[in-house]
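Residue numbers (the UniProt record's numbering): 1 to 305.
The beta-carbon is built from N, C-alpha and C at its ideal position, and this holds for glycine as well.
All values reported here derive from a predicted model rather than from experimental measurement.
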Amino acid sequence: MRIIVIGKEGQVARALAERARAHGAQAVLVGRPKLDLADPSGIEDALVETGGDVIVNAAAYTAVDQAQSAPELAEAINGIGAGVVAGTAAAMNVPLIHISTDYVFDGTADHPYREDDPVAPLGVYGASKLLGEEAVAAEAENYAILRTAWIYSPFGKNFVKTMLRLAGDRDEVSVVADQHGSPTSALDIADGIIAVSRNLLERPEDKNLRGLFHMAGTGFASWAEFATEIFTLSAHLEGPSAKVRPIATSDYPTPARRPANSRLDCTKLKETHGVVLPPWRSSLEPCVKRLIEETRKEFLRGNVG
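The following block contains the structure:
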């Protein structure tokens with residue numbers, strides 16, 4: 001199975017590049033300058049030239065706060081660009097997997113969100129991702145939209161890496177405690193994407209495998225609880241650690257509002273695709289360990305150099 005992955009530097013794209021071989025698949029990453037979602041004119045040619053059995057759109061404008069002042073760019077990449085990718089996938093007659101987000105919800109529900117719950121984005125980023133979902137559904141039939149949340153990994157910028165960096169500089173870190181979600185490993189997402197891809201390819205007649213799904217780590221936490229677990233694991237590995245001071249969202253104002261409830265109900269994915277991501281705590285431990293080991297290796301290289 002040859003997977004065309006749109007995006008080169010993102011967490012999910014890099015995780016797919018790492019995990020594909022273990023599943024007997026090949027991930028071919030394509031991104032800027034060859035393929036730029038902000039420039040629809042070159043998308044079709046880039047995808048056709050790359051060629052593959054399935055397309056995964058793992059690229060997006062993900063700067064949530066910056067999107068508030070750059071709505072046209074966010075909509076071009078997350079909305080219009082996603083639609084062109086979907087149309088191209090349909091023309092190539094290959095399945096499309098499109099990655100979306102919990103930010104399509106306003107976070108006011110008192111339960112984990114299901115796929116059929118009403119959407120109501122709080123900001124430009126969520127609205128642009130919702131446009132992308134709608135564009136994919138309009139342009140293609142053979143697709144799976146996977147909403148996920150709170151992604152972390154050994155790659156790029158994410159909450160785990162930020163917490164470990166802060167713990168290296170201070171004894172106490174203030175973390176929001178009134179927002180809840182499912183911390184999700186990008187490596188687990190990659191495994192899930194590959195499983196969904198195989199289902200789409202092997203059962204082209206099964207319409208239940210197509211459509212909208214939620215895919216996130218099993219279990220829930222607040223950001224403060226997530227941070228506490230990071231520091232507990234790090235301390236056990238003799239890495240940086242700090243005390244967590246729980247605060248309210250109102251104590252940490254940001255340009256874009258965040259959903260208080262980002263919990264996703266992933267039952268549909270389990271029942272249709274047979275995919276369940278591991279408990280977030282079990283996936284967090286190897287990530288923290290890997291980051292600490294990489295930091296130590298960099299330190300040693302620096303000292304030797």
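Extent of the continuous beta strand (DSSP E) to which residue i belongs
{"i": "Pro246", "result": "Lys243 to Ile247"}
{"i": "His98", "result": "Leu96 to Thr101"}
Burial state of residue i (16 or more Cβ within 10 Å)
{"i": "Thr148", "result": "buried"}
{"i": "Ser250", "result": "exposed"}
{"i": "residue 308", "result": "This structure does not reach residue 308, given that the chain is present from 1 up to 305, and the question cannot be answered."}
{"i": "Glu133", "result": "buried"}
{"i": "His111", "result": "exposed"}
{"i": "Arg290", "result": "exposed"}
{"i": "Glu139", "result": "buried"}
{"i": "Tyr125", "result": "buried"}
{"i": "Ala89", "result": "buried"}
{"i": "Gly51", "result": "exposed"}
{"i": "Val84", "result": "buried"}
{"i": "Gly274", "result": "exposed"}
{"i": "Arg263", "result": "buried"}
{"i": "Asn57", "result": "buried"}
{"i": "Lys297", "result": "exposed"}
{"i": "Val48", "result": "exposed"}
{"i": "Ala67", "result": "buried"}
{"i": "Asn261", "result": "buried"}
{"i": "Lys157", "result": "exposed"}
{"i": "His98", "result": "buried"}
{"i": "Arg14", "result": "buried"}
{"i": "Ser282", "result": "exposed"}
{"i": "Pro255", "result": "exposed"}
8 Å contact criterion, which residue i and residue j should meet: CB distance rounded
{"i": "residue 311", "j": "Gly7", "result": "Residue 311 is absent from the model: the chain starts at 1 and stops at 305."}
{"i": "Leu200", "j": "Ala242", "result": "Contact flag wrong, Cβ pair sits at about 43 Å."}
{"i": "Leu233", "j": "Leu284", "result": "6 Å"}
{"i": "Leu122", "j": "Ile55", "result": "So it is not a contact: roughly 29 Å between Cβ atoms."}
{"i": "Ala17", "j": "Lys34", "result": "Not confirmed; about 16 Å, so no contact."}
{"i": "Met1", "j": "Ala22", "result": "13 Å between Cβ atoms; not a contact."}
{"i": "Ala38", "j": "Ala27", "result": "So it is not a contact: roughly 23 Å between Cβ atoms."}
{"i": "Ile189", "j": "Val12", "result": "5 Å"}
Interface flag, residue i vs chain D, CB-CB below 8 Å
{"i": "Val119", "result": "Going by chain labels, chain D is absent from the structure shown, which holds only one protein chain."}
Beta-carbon gap between residue i and residue j smaller than 8 Å
{"i": "Ser100", "j": "Leu146", "result": "yes"}
{"i": "Val119", "j": "Val104", "result": "yes"}
{"i": "Glu294", "j": "Arg245", "result": "no"}
{"i": "Ile151", "j": "Ala186", "result": "yes"}
{"i": "Ile247", "j": "Val160", "result": "no"}
{"i": "Phe220", "j": "Lys268", "result": "no"}
{"i": "Arg198", "j": "Glu141", "result": "no"}
{"i": "Gly10", "j": "Asp102", "result": "no"}
{"i": "Pro183", "j": "Phe226", "result": "yes"}
{"i": "Leu164", "j": "Ile80", "result": "no"}
{"i": "Ala177", "j": "Ala224", "result": "yes"}
{"i": "Ile292", "j": "Leu237", "result": "yes"}
{"i": "Asp116", "j": "Ala109", "result": "no"}
Residue range of the unbroken alpha helix (DSSP H) whose run includes residue i
{"i": "Leu73", "result": "Pro71 to Glu75"}
{"i": "Thr62", "result": "No alpha helix (DSSP H) contains Thr62, which DSSP labels as neither H nor E."}
{"i": "residue 309", "result": "Residue 309 cannot be examined here, being either before or after the span of the chain that is shown, 1 to 305."}
{"i": "Thr88", "result": "Ala82 to Met92"}
(request) Mind listing, in chain order, the continuous alpha helix (DSSP H) runs of no fewer than 4 residues lying wholly within the segment 242-298? (result) As summarised for the segment 242-298, the continuous alpha helix (DSSP H) elements at least 4 residues long and confined to that stretch are 267-273, given in chain order.
(request) Enumerate, from N- to C-terminal direction, the unbroken alpha helix (DSSP H) stretches of 4 or more residues contained entirely within the segment 166-210. (result) Annotation note: the segment 166-210 contains the following uninterrupted alpha helix (DSSP H) runs of length 4 or greater, listed N- to C-terminal: 186-202.
(message) Report the start-end ranges of each beta strand (DSSP E) in the segment 5-56 that is 3 residues or longer and not cut off at the edges.
(response) 26-30, all fully within the segment 5-56.
(request) Let me know the beta strand (DSSP E) ranges lying completely inside the segment 117-176, each 3 residues or longer, listed in chain order. (result) Within the segment 117-176, the complete beta strand (DSSP E) runs of at least 3 residues are 143-148 and 172-176.
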